[in-house]
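What follows is a set of notes on a single structure, which appears directly below.
Residue numbers (UniProt numbering), protein chains in the order written: chain E, 1 to 789; chain C, 1 to 789.
Quick look at the structure:
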């Protein structure tokens, strides 16, 4: 439908006010891209006033500013609680301009005042060394969204809206961004949004027609196909189109009124009338020229309304007088003298166009989620402990135990905790959570469906992008959550993790941004137990990816059993501003530590397991391990050694927190050389069985003294559909091979132990034969337990 | 529209034939999941005939088999050239069953014959140690698609269809997969498919209603929303729905006839009548029960038609006699005695249901692309060389030079080479390609558009997923290409790269799969030159990700200048079965090597640059570098050292192929210890300036003797919008810091060079001050060149 009204929505005065405010934002945007000095053009513009390097993106900016000005009217008139998500985040100057016009910028950055000097600084700092990024970023007040990598605007918007029933999240989606996969999938998020307990998302698809050098798909399909597409996504599109400002202002005002009316009606129907089912939510399609109000033509080529306006329409302003004159004309076309008073401040009458206080989108606390963050009400995790009378004798499914804890976390925090996963919550054995909640589902429900409800706290969709993006949006607005995922497929969100980690690192340097809850991953169905799925599901490399991020913001935990997993999970749920990666198995596996031991072990991050070691003095060899399966194989190897080579002094070390392996200079969790040496010795062989790609352990530990004696076994990208023990054998991580490694590495042992070594070779062959013949592992191997001698 | 016909499409005989064939495929599928022995149930079924570990996915399989059987009819009747892409790839047993029924399986795997013993082996090997994966994979004849990670079926289908005008790519999309981002974006690929020169893609959206434990979004929206969505994507959906086999057979036959008729009509109109514009392509929506024809109920719970049929509907067949009886009943419901003769071979009359020879989808050469691969007709890359009279004196934009070469590659190979990129081809300075071709674009074209045409060879869409997926599909069907991408955002396809690398590794062990062209990445707009974009665009970690893959299939090149880039690119375009990652800058940068020198250098992969070294004997220090910016800074540091510490013997080593740094035991390109030592010495400090995260160099080199003396500088995740030199200073990779590193590391030098060290500290401060003040780098630094002394 097209926005139309019989009488104009905006009075002349209101139209003038909005248009003036838009001009002011556009003026400040162009100023940021171009000007070093002379911010209000009170002197004739000369080349020296212009930045030597012109870095920024104009094309999308006037559209962003237009939407912002119109949302301000809605907020003022309706006292609405609105935040603004900027999909085309390279339009950073526009959002900075608006935060400045609202006064928020000067409140947050006190050095940049609302006067001519402040304007000069505002302009100069943009994309300038030591200044601010050219994109919408953590540094931008009012943003929860780094706009550099496109695709995540809409999914962030939904994450922000969940459990915020009074919030409207206005989300501008660029037509370039709309071509990305994550954005294309995000539209269907409305099947997971409950109109009763969640807020509203108002997508604004901005069709300015072009991306960097190309037209966009959605701008070049017939209108009826576009409308059908959006209806198919579950929206009722309201179209606004034009290139005459006054006309577009009226249309857009009408469209926003309609959209907010519809949102109010939907929420009223759902909340007061108890109307069930999924409503068609309104959205806006805005067709305006790219680079609108900028130079029409430059050097004889059309710029406004084309891809040429994407970055800086005039590129030679320092050297080409014609370009400089055009810049001057462009800036003056906004009539700055009408917008700013003699001190350089926005004229009083224009200030009325913006809301005040926390209603300003740049100062809305939802966009600085740490301000709203309330601690989780956590049950005592030790209440969920499994009883361990003896190490490595009984078994539990670690994630199933964790599920009971999460069940009660959900119970106690019905408004601020969500569990995300790509349809794997039950598969990952967290099904206890369904004793206290359901899966969020706003689409049709049929008999026989399992735990679906509009207000479910578990969010399952077959898209890691949506799980990650929803959770990011939810955390950035001050809530808590956990993303459970198959280990291999979390690589799908590698790039999203990058951006979130950068955001956390940047925001930790901004005193006005309050810490938010950590992004917690539970990676299960991991590389060693993909019996069903084989090679495509086997990849432990996410840890390596995470380890490349700033050490200030990343933590990686490999709890070896159920009690350590509980302890680690409790710690992660209490932490702030981190990315926590927990890797834990879901299959029945041995328990090693009592709850008290688990807490002590996880607090240290790693430790010597005396009960599994022979002798407590300086050992002959260290068997180190990190991860549940490597721990199992290491202990089984230690078991063979203590029986067969009882004189060999073996020390077993388990590592939960692999960042501990680094020097303290490299990571806050790192160990001093003295600490490291006291555990790993300075000169004894260390056979390290590791969950993932072996070189990560080398990388973490290479600066420590004993690095030359470190021999790491891990995943060598050898995988297929096979049995658990066959998998470890394929990668030389099995108990028999670890014993062989010990024999090969301990000086003087190989002759003494030649017979044992051959036995190990034979044992591997026999195990493989058994597996090939029976289709399962030899029970003597898979049923191994540690017995007191 | 719903498929209906006044007279039934299928005669009774044809219906019986198709249904029998479907039953045979279903029987073989269930047999693979369950049976170790007694493959034709000629003895009473007992527990020992059943596999001890039941691994596989039944739910999607009957639908895959149904579609396969109906496509066979179309191929027979129309002599169509069709390949089958299996989105729900965990339905592996179905595709294996069909390849076996067609005889292809026994041709390829001669040990598995078309008799009872062959059936026994076929069943036993499935998901069995030493056998075949449970998913559709490289091992599956007829597949170009590993079905483990969902999301890429449709984009692979389009990649396969490009430049294959006579091919129809039937692509089954599961409704679970349809929730993923990459799949959601892929629908719009029809805006890039030219009906004149490309083949057709026939999407078949299989709505069986459930994913692992949840319903699916597209199955639970109203039919009118789904139809609108698909029309909005540019398709004309034909719906088939039901749970009565005979009825569904008739509907589906009618639907396929309609779809193939429409495809033929579209192609005729475009090719013969020259009808312009983008047609609405047909597609099929197939609604049938999940786990159709399997057990209705198990243990009192509904299974057929629910998520419970996703994997193995009967899980206790070894221990629960009721389950075993149900399995027996289930298998016998397909009436195997009617399907297979006494020798165990498919009955002769049923063989008529399948096409023959290369028309069999399991034997179609397009699905074994190496069979069709023709070498590129490559121009002589040395013709494009830049002239280098003197090293490090003149400049070129390396990618712009490469663009001229690629222009002629495209010219000479109009049917088998495509260049993919997310709207960055011009930004990445490859614009010369537009002298010989356009951007592929089948949507609306408006005046002022830049080089758009239906038959363009450059494919630009703002989705790295689509670029990667199209190229994968194109390569897997025997063609060539290059993906140019911003370095940071190639992480978006980390997970796709994983699956492609696994495919290459697996297929290299299958003698019947012929090698395909390598997947070539050109990563430009790299971490060090993101002046416009800042932190969000700065991430060199893709190299680390690639380095975790099997060494047999990955190569990484960092050519330092234009001529080395040409040499590397030529090499990569000729290579087979690799993933080649090329990182190269697009900005003006110094040229170091003549073409002859570049060829020699790239052939060795790394080498000592004598012209930049002082003395040719054993040096006091090695300055190593990899990447264009590190090379620049290293040479500038060497320049300072030769002037200021002329007695210090400095060796400059440049590395193009970083896999060379590994031991030869670890990678085919690795160096022996002797080779490594002869370049890097055994005991002298090596200051290594590296393009990416520094620890990768440690990881690659840690087994070599001189590792303890290796000091690596690289990207430390310190970035923002700033000048190029400020970026290297932020990360201590700048020339001044490298000189400081030399002074700190060379024994006895620090006292001699204390003054110079302080000068370097001061130079860094001065450079930073200059940048902060002027907004650009000091020209004395940015304009540095190497002068003959």
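We treat Cβ as the ideally placed atom computed from N, Cα and C, and that holds for glycine.
Next on the checklist: Excluding the 5 residues flanking residue 666 (chain C) on each side, which residues of the same chain have their C-beta closer than 7 Å to its C-beta?
Outcome noted: Position 666 of the second chain holds residue 666 (chain C). Correct list, in chain order: 551.
Checklist entry - Going by the beta-carbon positions, is the gap between residue 727 (chain E) and residue 768 (chain E) smaller than 8 Å? => result The residue you call residue 727 (chain E) lines up with position 727 of the first chain. The residue you call residue 768 (chain E) lines up with position 768 of the first chain. Taking C-beta atoms as the reference points, residue 727 (chain E) and residue 768 (chain E) fail to come closer than 8 Å.
Checklist entry - In the DSSP assignment, what are the bridge partners of residue 172 (chain C)? => result Within the second chain, the letter at position 172 stands for residue 172 (chain C). Residue pairing by DSSP places residue 172 (chain C) opposite C:86 and C:204 in a beta bridge.
Checklist entry - Are any of the Cβ atoms in chain C nearer than 8 Å to that of residue 281 (chain E)? => result Taking the first residue of the first chain as 1, we reach residue 281 (chain E) at position 281. So no, residue 281 (chain E) is outside the interface.
Checklist entry - When DSSP builds the beta bridges, which residues end up paired with residue 81 (chain C)? => result Reading the second chain from its first residue, position 81 is the one you call residue 81 (chain C). Bridge partners of residue 81 (chain C): C:167.
Item to check | Closest by C-alpha distance to residue 563 (chain E), when choosing among E:592, E:657 and E:668 | outcome: The residue given as residue 563 (chain E) occupies position 563 in the first chain. When only C-alpha atoms are compared, the closest one is E:592.
Checklist entry - residue 150 (chain E) CB to nearest chain C CB: under 8 Å? => result Position 150 of the first chain, counted from the start, is the residue given in the question as residue 150 (chain E). Cβ-Cβ to chain C under 8 Å: yes for residue 150 (chain E).
Checklist entry - Tell me, which residues are paired with residue 340 (chain C) by DSSP? => result Start at 1 with the first residue of the second chain, and residue 340 (chain C) comes out as number 340. DSSP, once it has assigned bridges, lists C:346 as partnering residue 340 (chain C).
Item to check | Same chain, Cβ closer than 6 Å to residue 310 (chain E), neighbours up to 5 away in sequence not counted | outcome: Stepping through the first chain from its first residue, residue 310 (chain E) is reached at position 310. Hits under 6 Å: 59 and 212.
Checklist entry - Taking DSSP as the reference, what is the three-state secondary structure of residue 231 (chain E)? => result Taking the first residue of the first chain as 1, we reach residue 231 (chain E) at position 231. Correct three-state label for residue 231 (chain E): helix.
Item to check | residue 660 (chain C) versus residue 632 (chain C) - alpha carbon distance | outcome: Walking along the second chain from the start, residue 660 (chain C) turns up at place 660. Walking along the second chain from the start, residue 632 (chain C) turns up at place 632. Between the alpha carbons of residue 660 (chain C) and residue 632 (chain C) lies a gap of roughly 21 Å.
Item to check | Short CB-CB distance (under 8 Å) between residue 306 (chain C) and chain E | outcome: Locating residue 306 (chain C) in the second chain gives position 306, counting from the first residue. At least one C-beta of chain E is nearer than 8 Å to the C-beta of residue 306 (chain C).
Next on the checklist: So with CB distances below 8 Å, who are the chain E contacts of residue 52 (chain C)?
Outcome noted: Position 52 of the second chain, counted from the first residue, corresponds to residue 52 (chain C). 774, 775 and 776, listed in chain order.
Next on the checklist: Once the 5 residues before and after residue 76 (chain E) are set aside, which same chain residues still bring their CB inside 6 Å of it?
Outcome noted: Walking along the first chain from the start, residue 76 (chain E) turns up at place 76. Counting only Cβ-Cβ distances below 6 Å, and skipping sequence neighbours, we find 355.
Next on the checklist: Within 8 Å, do at least three Cβ pairs link the region 326 to 343 of chain E to the region 465 to 477 of chain C?
Outcome noted: Taking a contact to require three or more Cβ pairs closer than 8 Å, the region 465 to 477 of chain C and the region 326 to 343 of chain E do not qualify as touching.
Item to check | Alpha-carbon to alpha-carbon, residue 619 (chain C) and residue 492 (chain C) | outcome: Sequence index remark: in the second chain, residue 492 (chain C) carries index 492 (1-based). Sequence index remark: in the second chain, residue 619 (chain C) carries index 619 (1-based). Going from the Cα of residue 492 (chain C) to the Cα of residue 619 (chain C) covers about 43 Å.
Checklist entry - For residue 796 (chain C), which beta-bridge partners are listed by DSSP? => result The requested residue 796 (chain C) does not occur in the structure, where chain C is confined to residues 1 to 789.
Next on the checklist: Our contact map puts residue 735 (chain E) next to residue 640 (chain E) with C-beta atoms below 8 Å; I'd like the distance itself, whole angstroms only.
Outcome noted: Position 735 of the first chain holds residue 735 (chain E). Position 640 of the first chain holds residue 640 (chain E). Yes, residue 735 (chain E) and residue 640 (chain E) are in contact; Cβ-Cβ is about 7 Å, under 8 Å.
Item to check | Rounded separation between residue 175 (chain E) and residue 206 (chain E) - CA only | outcome: Against the first chain, residue 175 (chain E) aligns to sequence position 175. Against the first chain, residue 206 (chain E) aligns to sequence position 206. So the two alpha carbons sit approximately 6 Å from each other.
Checklist entry - Comparing alpha-carbon positions, which option in E:390, E:386 and E:556 lies nearest residue 405 (chain E)? => result If you number the first chain from 1, residue 405 (chain E) lands on position 405. Measuring from the Cα of residue 405 (chain E), the nearest candidate turns out to be E:386.
Item to check | Status (buried if at least 16 other CB within 10 Å, exposed otherwise) for residue 118 (chain C) | outcome: Locating residue 118 (chain C) in the second chain gives position 118, counting from the first residue. Buried, by the Cβ-count rule.
Checklist entry - Going straight from the alpha carbon of residue 416 (chain E) to that of residue 482 (chain E), what length do you get? => result Locating residue 416 (chain E) in the first chain gives position 416, counting from the first residue. Locating residue 482 (chain E) in the first chain gives position 482, counting from the first residue. Going from the Cα of residue 416 (chain E) to the Cα of residue 482 (chain E) covers about 11 Å.
Item to check | Proximity below 8 Å, CB of residue 231 (chain C) to CB of residue 225 (chain E) | outcome: The residue given as residue 231 (chain C) occupies position 231 in the second chain. The residue given as residue 225 (chain E) occupies position 225 in the first chain. Yes.
Checklist entry - For residue 326 (chain E), which of helix, strand or coil comes out of DSSP? => result Counting from one through the first chain, the residue named residue 326 (chain E) turns up at place 326. Residue 326 (chain E) falls in the helix class under three-state DSSP.
Checklist entry - Is there contact here, the region 21 to 39 of chain E with the region 75 to 93 of chain E, by at least three beta-carbon pairs under 8 Å? => result Segments in contact, yes.
Item to check | 8 Å contact criterion, which residue 791 (chain C) and residue 719 (chain C) should meet: CB distance rounded | outcome: This structure cannot speak to residue 791 (chain C), because chain C is shown only from 1 to 789.
Next on the checklist: Residues of chain C with CB closer than 9 Å to the CB of residue 506 (chain E), please, in chain order.
Outcome noted: If you number the first chain from 1, residue 506 (chain E) lands on position 506. Simply 535 and 720.
Next on the checklist: On the DSSP letters alone, give me the boundaries of the alpha helix (DSSP H) that residue 98 (chain E) sits inside.
Outcome noted: The residue labelled residue 98 (chain E) in the question sits at position 98 within the first chain. Judged by DSSP secondary structure, residue 98 (chain E) falls within the alpha helix (DSSP H) whose first and last residues are 92 to 101.
Next on the checklist: Run through the DSSP bridge pairs and tell me what residue 794 (chain C) is partnered with.
Outcome noted: Not covered by the structure: residue 794 (chain C). The range shown for chain C is 1 to 789.
Checklist entry - Would residue 473 (chain C) be called buried (16 or more neighbouring beta carbons within 10 Å of its own) or exposed? => result The residue given as residue 473 (chain C) occupies position 473 in the second chain. By the neighbour-count definition (other C-beta atoms within 10 Å, threshold 16), residue 473 (chain C) is a buried residue.
Item to check | Cross-chain neighbours of residue 499 (chain C) in chain E, by beta carbon under 7 Å | outcome: Looking up residue 499 (chain C) in the second chain gives position 499. Close to residue 499 (chain C), with beta-carbon spacing below 7 Å, are these residues of chain E in chain order: 536.
Next on the checklist: I believe residue 214 (chain E) touches residue 423 (chain C) by the beta-carbon criterion, under 8 Å. Please report the beta-carbon distance rounded to the nearest angstrom.
Outcome noted: Sequence index remark: in the first chain, residue 214 (chain E) carries index 214 (1-based). Sequence index remark: in the second chain, residue 423 (chain C) carries index 423 (1-based). Contact holds; Cβ gap of about 5 Å.
Checklist entry - So residue 139 (chain E) is in the alpha helix (DSSP H); what residue range does that whole segment cover? => result Numbered from its first residue, the first chain carries residue 139 (chain E) at position 139. It is not in any alpha helix (DSSP H) - residue 139 (chain E) carries neither H nor E in the DSSP assignment.
Checklist entry - Would residue 662 (chain E) be called buried (16 or more neighbouring beta carbons within 10 Å of its own) or exposed? => result What you label residue 662 (chain E) is simply residue 662 of the first chain in a count that begins at 1. Buried, because 16 or more other Cβ atoms sit within 10 Å of the Cβ of residue 662 (chain E).
Checklist entry - residue 1 (chain E) to residue 239 (chain E), Cα distance in whole Å? => result Residue numbering aside, residue 1 (chain E) sits at position 1 when the first chain is read from its first letter. Residue numbering aside, residue 239 (chain E) sits at position 239 when the first chain is read from its first letter. A caution first: residue 1 (chain E) carries a pLDDT of 45, below 50, which makes its placement in the model unreliable, though a value can still be read off. Approximately 6 Å between the Cα atoms of the pair.
Checklist entry - Name the residues in the region 119 to 148 of chain E whose C-beta lies less than 9 Å from a C-beta of chain C; which are they? => result For the region 119 to 148 of chain E, which is checked against every Cβ of chain C, the residues closer than 9 Å are 124, 126, 127, 128, 129, 130, 131, 132, 133, 134, 135, 137, 146, 147 and 148.
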